[in-house]
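*Asks:* Okay, so the sequence shown: first residue is 0 according to numbering that gives the first Met the number 0, each after it adds one.
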Amino acid sequence: MQRHEDGTLVVSATDLVGFLECDHLVTLELERTHGLRDKPFRDDPQLALIQKRGYAHEQAYIGRLRAEGREVLEIDTGDLKSPARLREAEARTLAAMRSGADVIFQATFFDGRWRGHADFLIRRDDRPSDLGAWSYDVADTKLARRVKAAAILQMCVYADLLERLQGVAPETVSVVTGDGIAHPHRLEDYAAYYRAAKSRFEERLAADAAAMADGAAAVVAPATYPEPVDHCRVCPWWSVCVDQRRADDHLSIVAGAARTTRRKLVDAGVPTLTVLAQLPEDRPVPKMTPRVLTRVRRQAALQLRYRQTHELAYELIAPDPDQPGRGLAALPEPSPLDVFWDIESDPWALEDGLEYLLGYVVNDGPEPAFHALWGHDRAGEKAAFEAFIDLVMDRLARDPAMHVYHYGGYESGAMKRLMQRHATREDQVDSILRGKVLVNLYDHVVRSGIRASVESYSIKQIEKFYLPEREGPVTSAGFSVVEYERWMESQDPSILRDIADYNRDDCLSTLGLRDWLERLRVEAGPLFPDGVVPRPTSADPQASADVSKKRAEARAREEALRAGIPADRSERTDDEQGRWLLAGLVDWHEREAKPQWWDYYRLAEASMEDLVADGSALADLEFVGDFGAIKNSRIHRYRFDPAQEYKVKRG
């Protein structure tokens with residue numbers, strides 16, 4: 000967003016996308032154009048890495064186009080800070096279009112209000128235009144492996160501006176994702192949504208212009224607030240908004256307080272963390288269940304106490320009779336053969352990301368021992384995954400009561416992805432999942448078992464209760480990605496040592512957390528019936544004999560087809576790739592159904608708060624009554640909060 004010397008406001012596709020991501024972002028940018036704010040500089044190595052990767056992806060696509068024999072003409076964008084420069088760049092773009100260039104890189108558009116810079120215009124000869132017997136479609140490169148709505152909306156802006164130059168709207172807009180695949184989309188499928196979004200954005204800008212015309216000096220109308228959203232992760236204004244929320248004692252500081260929960264609290268006259276912390280226990284909040292209100296009120300009280308005393312504090316959560324087996328009751332009996340697991344990954348490596356380090360700690364010796372399984376390519380990733388699964392199966396054979404502990408859902412999701420990506424150890428992974436060998440200490444235990452005086456339940460925050468503060472050059476998962484990318488360029492072994500040390504600390508922290516939670520079990524006894532915290536019941540990891548026989552036969556056919564074929568796709572001949580794909584069709588239907596079953600069991604085990612936030616199910620239902628029978632079934636009617644976001648459709 001730019002305001003030129005003559006007062007003209009120039010906006011872009013990025014501004015439109017930003018408006019839909021966060022309306023307060025528009026407020027901040029408008030205030031900047033009025034000279035009311037200076038734009039902050041965000042020094043984020045991970046964002047710099049994404050930009051670097053994005054440029055490389057762009058150049059790789061140009062290389063592919065030229066290898067296909069297409070002429071790629073690049074528009075000089077240079078200094079485009081003035082309307083005159085923008086018009087000159089658009090004139091160069093139009094000249095390239097009239098010349099019939101196969102591909103135009105960095106095409107620039109400017110209609111006096113909207114500017115756009117399309118990565119690529121691709122000529123097509125089956126759709127005439129004012130240019131002649133040809134016209135152009137829009138394509139953009141994006142690092143993401145999946146097409147996002149924002150990318151299509153961005154190209155709708157370019158398509159709108161392109162139509163002005165060539166006289167016809169482009170038929171398709173294409174996103175070239177990080178794996179190199181072009182995904183074409185029909186423009187008319189998105190045109191109505193684009194027009195509605197653009198109209199709302201223009202109305203927002205018009206409201207600001209009207210306010211400034213009335214003499215506003217410091218407030219842009221309408222008033223907005225910096226609610227935390229996903230876009231905060233990449234927004235340069237992030238620190239400004241965090242500072243404002245802290246100064247306002249905003250409810251978003253309360254750990255685990257969802258946006259719908261915060262909205263209900265504000266509507267009930269509870270606008271800040273302090274007011275929430277001091278809320279009388281007997282005061283209800285309309286449309287909020289007592290369970291949710293108790294959780295956020297007690298959480299706020301702990302955080303307020305820490306703010307006042309600077310002393311860490313926690314409290315144990317009494318078991319919920321409606322959700323048995325959660326919290327400290329989900330903690331299995333410790334085994335000497337337990338494993339404590341953490342993964343380091345690079346989402347930008349190769350064509351679909353790389354799980355480059357599977358680290359784990361075992362504690363069956365005199366001291367905890369850390370092991371690092373590295374995989375710097377697809378073959379190495381597969382070997383590391385197989386080695387880890389084989390380790391778990393070996394320890395299960397020695398002690399069926401052992402478990403694999405991790406913190407958060409990433410590890411279990413990665414295990415399933417690796418199994419599918421490499422088509423290996425499928426039966427073993429199924430056995431691990433059926434036997435509930437994986438223990439997610441965050442979802443299964445911490446969230447339902449304790450409340451702590453922290454603003455986040457990341458393991459880096461929780462470990463303050465049982466470990467000293469960390470030291471070392473790598474201190475966050477995001478920074479480990481940056482460091483790994485640096486290693487891929489330099490091959491400096493000290494970088495891998497630093498990453499391994501970071502991963503080791505995470506594994507040791509998971510061990511330390513399990514041991515701390517074990518100590519809390521003793522403390523929590525009086526909260527449970529009979530004064531004892533129960534252990535979870537064991538699950539049978541074995542498939543039926545019939546299923547086991549069918550799977551063994553299928554695996555034998557797969558192994559025969561894949562024998563001697565390289566793990567790396569680029570190293571296979573066409574015949575080997577054909578055999579690889581044919582092997583993948585063996586047991587295909589069962590393999591294809593697994594993600595649906597995984598999601599079903601995930602939802603079945605989720606807490607009520609998670610179900611409300613997820614949207615895949617209707618949750619927190621209130622029973623209204625029994626409305627009689629239909630044949631052999633009875634009709635039960637429930638009501639739920641209509642503010643809950645959900646994906647369930649009629650029919």
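Where a beta carbon is used, it is the ideal one built from N, C-alpha and C, also for glycine. Since this is a predicted model, take the numbers as computed values, not measurements.
For residue 457, tell me which candidate among 514, 584, 255 has the shortest Cα-Cα distance.
*Replies:* Locating residue 457 in the sequence shown gives position 458, counting from the first residue. Looking at the Cα atoms, 255 is the closest of the given residues.
*Asks:* From the DSSP output, in three-state form, read off residue 107 for me.
*Replies:* Indexing the sequence shown from 1 puts residue 107 at position 108. Three-state DSSP puts residue 107 in a strand.
*Asks:* Residue 355 and residue 370 - do their beta-carbons sit closer together than 8 Å?
*Replies:* Residue numbering aside, residue 370 sits at position 371 when the sequence shown is read from its first letter. Residue numbering aside, residue 355 sits at position 356 when the sequence shown is read from its first letter. No, Cβ-Cβ distance for residue 370 and residue 355 is not below 8 Å.
*Asks:* Of the residues 484, 411, 337, which one's Cα is nearest the Cα of residue 393?
*Replies:* The count along the sequence shown starts at 1 and reaches residue 393 at position 394. Comparing Cα positions, the closest option is 337.
*Asks:* Just to check my reading of the structure: residue 44 and residue 481 have Cβ atoms closer than 8 Å, yes? What is that Cβ distance to the nearest angstrom?
*Replies:* On the sequence shown, position 45 is the one that residue 44 refers to. On the sequence shown, position 482 is the one that residue 481 refers to. Yes, they are in contact, since the Cβ atoms of residue 44 and residue 481 sit about 4 Å apart, within 8 Å.
*Asks:* Ordered along the chain, which non-local residues of its own chain (more than five positions away) have a Cβ less than 6 Å from that of residue 484?
*Replies:* As a first step, residue 484 must be located in the sequence shown, where it is residue number 485. Excluding residues within five positions, the ones whose Cβ falls inside 6 Å are 48.
*Asks:* When the Cβ atoms of the region 154-163 are set against those of the region 182-190, are three or more pairs found closer than 8 Å?
*Replies:* Verdict: yes, contact present.
*Asks:* Please report the straight-line C-alpha distance between residue 600 and residue 19, rounded to a whole angstrom.
*Replies:* Sequence index remark: in the sequence shown, residue 600 carries index 601 (1-based). Sequence index remark: in the sequence shown, residue 19 carries index 20 (1-based). Using only the alpha carbons, I get a separation of about 33 Å.
*Asks:* Check this for me: beta carbons of residue 523 and residue 327, under 8 Å apart or not?
*Replies:* In the sequence shown, counting from the first residue as 1, residue 523 sits at position 524. In the sequence shown, counting from the first residue as 1, residue 327 sits at position 328. Closer than 8 Å, so yes.
*Asks:* Hey, how far is the Cα of residue 86 from the Cα of residue 108?
*Replies:* Locating residue 86 in the sequence shown gives position 87, where the first residue counts as 1. Locating residue 108 in the sequence shown gives position 109, where the first residue counts as 1. Cα to Cα, the separation comes out at about 8 Å.
*Asks:* For a test of the three-state rule: what should DSSP assign to residue 680, helix, strand or coil?
*Replies:* With the chain running from 0 to 650 in the structure shown, residue 680 is simply not present.
*Asks:* Quick check: what's the CA-CA separation for residue 175 versus residue 399?
*Replies:* Against the sequence shown, residue 175 aligns to sequence position 176. Against the sequence shown, residue 399 aligns to sequence position 400. Residue 175 and residue 399: Cα-Cα distance of roughly 47 Å.
*Asks:* Let me check one thing: in DSSP terms, what residues is residue 138 bridge-paired to?
*Replies:* Working through the sequence shown from its first residue, we reach residue 138 at position 139. 119, 173, per the DSSP bridge assignment.
*Asks:* Looking at residue 383: is its Cβ nearer than 8 Å to the Cβ of residue 357?
*Replies:* In the sequence shown, the residue the question calls residue 383 occupies position 384. In the sequence shown, the residue the question calls residue 357 occupies position 358. Yes, they are a contact pair.
*Asks:* Please confirm whether residue 165 and residue 130 have their CB atoms less than 8 Å apart.
*Replies:* Locating residue 165 in the sequence shown gives position 166, counting from the first residue. Locating residue 130 in the sequence shown gives position 131, counting from the first residue. For residue 165 and residue 130, yes; Cβs fall inside 8 Å.
*Asks:* Just checking my contact of residue 668 with residue 272 at CB under 8 Å: how many whole Å lie between their CB atoms?
*Replies:* Because the chain spans 0 through 650 in this model, residue 668 falls outside it and cannot be assessed.
*Asks:* Could you give the residue range of the beta strand (DSSP E) that holds residue 183?
*Replies:* Against the sequence shown, residue 183 aligns to sequence position 184. First-last of the beta strand (DSSP E) with residue 183: 181-185.
*Asks:* List the whole-angstrom C-beta distance separating residue 16 from residue 0, where the pair is believed to meet the contact cut-off of C-beta under 8 Å.
*Replies:* One-based indexing of the sequence shown puts residue 16 at position 17. One-based indexing of the sequence shown puts residue 0 at position 1. In fact, because the Cβ distance is near 12 Å, the residues do not count as touching under 8 Å.
*Asks:* So does the region 52-63 actually touch the region 224-233, counting three or more Cβ pairs closer than 8 Å?
*Replies:* Segments in contact, no.
*Asks:* So, is the C-beta of residue 41 closer than 8 Å to a C-beta in chain C?
*Replies:* Any reference to chain C falls outside this structure, which holds one protein chain only.
*Asks:* Would you mind sorting residue 282 into buried or exposed? The rule is 16 or more other CB atoms within 10 Å of its CB.
*Replies:* For this step, residue 282 is matched to residue 283 along the sequence shown. So residue 282 ends up on the exposed side.
*Asks:* Measuring CB to CB, does residue 619 end up less than 8 Å from residue 635?
*Replies:* Within the sequence shown, residue 619 is the residue found at index 620, counting from 1. Within the sequence shown, residue 635 is the residue found at index 636, counting from 1. Their beta carbons are not under 8 Å apart, which means residue 619 does not touch residue 635 by this criterion.
*Asks:* Figure out for me which residue from 116, 503, 223 has the closest Cα to the Cα of residue 103.
*Replies:* Mapped onto the sequence shown, residue 103 falls at position 104. Out of 116, 503, 223, 116 has the C-alpha closest to the C-alpha of residue 103.
*Asks:* Please list the terminal residues of the continuous beta strand (DSSP E) segment that includes residue 633.
*Replies:* Along the sequence shown, one-based indexing puts residue 633 at 634. Taken as a continuous stretch (DSSP letters only), the beta strand (DSSP E) holding residue 633 covers 632-638.
*Asks:* Taking DSSP as the reference, what is the three-state secondary structure of residue 7?
*Replies:* Taking the sequence shown and counting its residues from 1, the one referred to as residue 7 is at position 8. DSSP places residue 7 in coil when its eight states are reduced to three.
*Asks:* Restricting to runs no shorter than 3 residues, where is the beta strand (DSSP E) found entirely within the region 417-452?
*Replies:* List check, beta strand (DSSP E) in window: 437-439, 449-451.
*Asks:* Considering only DSSP beta bridges, list what residue 341 is partnered with.
*Replies:* The count along the sequence shown starts at 1 and reaches residue 341 at position 342. DSSP, once it has assigned bridges, lists 358 as partnering residue 341.
*Asks:* Check for me: the alpha helix (DSSP H) holding residue 49 runs from which residue to which?
*Replies:* Translated into positions along the sequence shown, residue 49 becomes position 50. 44-66 is the span of the alpha helix (DSSP H), which, as asked, contains residue 49.
*Asks:* Which residues does DSSP pair with residue 486 in a beta bridge?
*Replies:* Translated into positions along the sequence shown, residue 486 becomes position 487. None; residue 486 has no bridge partner.
*Asks:* Once DSSP output is grouped into helix, strand and coil, what is the label at residue 532?
*Replies:* Counted from its first residue, the sequence shown places residue 532 at position 533. Coil at residue 532, not helix or strand.
*Asks:* How is residue 597 classed by DSSP in three states: helix, strand or coil?
*Replies:* Sequence index remark: in the sequence shown, residue 597 carries index 598 (1-based). The answer is helix: DSSP assigns residue 597 an H, G or I state.
*Asks:* Would you report the Cα separation of residue 112 and residue 641, rounded to the nearest angstrom?
*Replies:* Within the sequence shown, numbered from 1, the residue matching residue 112 stands at position 113. Within the sequence shown, numbered from 1, the residue matching residue 641 stands at position 642. Distance between the alpha carbons of residue 112 and residue 641: 39 Å.
*Asks:* Grab me the residues of residue 503's own chain with a C-beta within less than 6 Å of its C-beta, minus the 5 sequence neighbours each way, in chain order.
*Replies:* Mapped onto the sequence shown, residue 503 falls at position 504. Cβ within range, chain order: 369.
*Asks:* Checking 8 Å against the spacing of the C-beta atoms, do residue 658 and residue 225 come in under that value?
*Replies:* Nothing can be reported for residue 658, as the shown portion of the chain is limited to 0 through 650.
*Asks:* By how many angstroms is the C-alpha of residue 448 removed from the C-alpha of residue 315?
*Replies:* On the sequence shown, position 316 is the one that residue 315 refers to. On the sequence shown, position 449 is the one that residue 448 refers to. Roughly 6 Å between the two C-alpha positions.
*Asks:* Anyone know if the C-beta pair for residue 507 and residue 444 falls short of 8 Å?
*Replies:* In the sequence shown, the residue the question calls residue 507 occupies position 508. In the sequence shown, the residue the question calls residue 444 occupies position 445. No.
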